[in-house]
Amino acid sequence: MSERRKATTQVSRLARRAGGTTAANRMVPEETPVAFSFAGTTHAVMMASPADFEDFALGFSLTEGIIALPEEIEAIEVEDHGAGIDIQIRLKDSANTRFEARRRRLAGPVGCGLCGIESIEEAMRSVDAVGASKLTLEADDIVRSVKLLSKVQPLHTETGAVHAAGFYIPGKGIVMAREDVGRHNALDKLAGALAKADIDGASGAVVVTSRVSVEMVQKSAAIGSAFIIAVSAPTALAIRTAQEAGMTLVALVRGDDFDIFTHPDRVVCGVAKHVA
1 MSERRKATTQ
11 VSRLARRAGG
21 TTAANRMVPE
31 ETPVAFSFAG
41 TTHAVMMASP
51 ADFEDFALGF
61 SLTEGIIALP
71 EEIEAIEVED
81 HGAGIDIQIR
91 LKDSANTRFE
101 ARRRRLAGPV
111 GCGLCGIESI
121 EEAMRSVDAV
131 GASKLTLEAD
141 DIVRSVKLLS
151 KVQPLHTETG
161 AVHAAGFYIP
171 GKGIVMARED
181 VGRHNALDKL
191 AGALAKADID
201 GASGAVVVTS
211 RVSVEMVQKS
221 AAIGSAFIIA
231 VSAPTALAIR
241 TAQEAGMTLV
251 ALVRGDDFDI
261 FTHPDRVVCG
271 VAKHVA
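The opening residue of the sequence shown carries number 1 in full-length UniProt numbering; numbering runs sequentially from there.
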């Protein structure tokens, strides 16, 4: 890119408070269309924070099952077109062959607003199994992971309007974190950053500031983590998917309090055995 895009912009606004209304400035996050193009063809477009593009491209490719390993990407080129960002991703032969077959499968004739039954199957794809993980966390780890993530969110501190995804390893804390206006984007960027740093996803827990949807569970499982820890609540489908994957889903972390929705045996230190 010719120049780096700014992640935030200062705007003016009228601030109404108990003492009256005044004109003031505030920092707000930028968002821009980011297209992922494979073999010169656009595959998906996201509204995202204009930062960490290579992490985003690598993480998206991994968590969406387009590649199995980072080495299957030959090159990533980021092109700024003014109105948005186009990330050109070149796959190596074997991965490109798989991707082309997948794209042809999804391109059949359709008569509805979706992309045929294959699209539904893609959305409900089988989740990676992480039940063999031996990782356990203490209750203090869960509380600490959320507190530590809050300290490595510079964009949120500045704007109050972005999500974060972090990776917590017991004894080390949050070893990696990424922010974005989109919760899925933040998690994809985290996945890419972990892969680039060669950090084993099975060694720690994914920690997010958002609710837990099924996509968040699918992407965390693709990272290889057996834990997802969230500040907000999960959906019913996310709970069922985490149960199927063997993943421990912890949510509604508020101070020292939290709820465990699946596979509670990985959380030690006095967790009641009747928790489902």
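For every residue, glycine included, the Cβ atom is placed at its ideal position computed from N, Cα and C.
- Annotated three-state conformation of Glu74 is strand, per DSSP.
- Every beta strand (DSSP E) stretch that sits fully inside the segment 218-242 and reaches 3 residues is listed by chain position as 227-230.
- From the listed residues Asp259, Leu149, Asp198 and Gly204, the smallest Cα separation to Ala186 is found for Leu149.
- Classified as buried, Met216 has 16 or more neighbouring CB atoms from the shown chains inside 10 Å of its CB.
- In the DSSP assignment, Phe56 falls within the unbroken alpha helix (DSSP H) covering Phe53 to Thr63.
- Judged by DSSP secondary structure, Leu252 falls within the beta strand (DSSP E) whose first and last residues are Thr248 to Arg254.
- A direct Cα-to-Cα measurement between Pro170 and Val78 gives close to 35 Å.
- Counted as a single uninterrupted DSSP element, the beta strand (DSSP E) harbouring Arg90 occupies residues Ile85 to Leu91.
- Contact annotation, Val214 with Thr241: C-beta distance approximately 5 Å; criterion of less than 8 Å satisfied.
- Within the same chain, Cβ atoms closer than 6 Å to the Cβ of Ala35 are found at Thr42, Val45 and Asp86, the five residues on either side in sequence being excluded.
- Shortest Cα-Cα distance from Ala57 to any of Lys196, Ser133 and Gly166 involves Lys196.
- The continuous alpha helix (DSSP H) containing Gly192 extends over residues Arg183 to Lys196.
- The beta carbon of Arg13 sits closer than 6 Å to the beta carbons of Arg26 from its chain, once the five residues preceding and following it are set aside; these are given in chain order.
- Under the Cβ criterion (8 Å, minimum of three pairs), the segment 248-262 counts as touching the segment 221-239.
- Residue state for Val206 is assigned as strand, using DSSP reduced to three classes.
- Residue environment: Arg254 is assigned as exposed (fewer than 16 neighbouring CB atoms within 10 Å of its CB, all protein chains considered).
- Contact check for Val152 against Ala193 fails: the beta carbons are separated by 8 Å or more.
- The beta carbon of Arg183 lies closer than 6 Å to those of His163 and Ser210 in the same chain, with the five residues before and after it left out.
- Between the alpha carbons of Ile76 and Ile89 lies a distance of about 5 Å.
- The Cβ atoms of Val28 and Thr159 lie closer than 8 Å to each other.
- The beta carbon of Ser203 lies closer than 8 Å to those of Leu135 and Ile169 in the same chain, with the five residues before and after it left out.
- Between Ala191 and Lys219 the beta-carbon gap is near 7 Å, inside 8 Å, which marks them as a contact.
- Around the Cβ of Asp93, a 10 Å sphere holds fewer than 16 other Cβ atoms; the residue is exposed.
- Between Val127 and the set Leu62, Asp52 and Gly40, the nearest pair of CA atoms involves Leu62.
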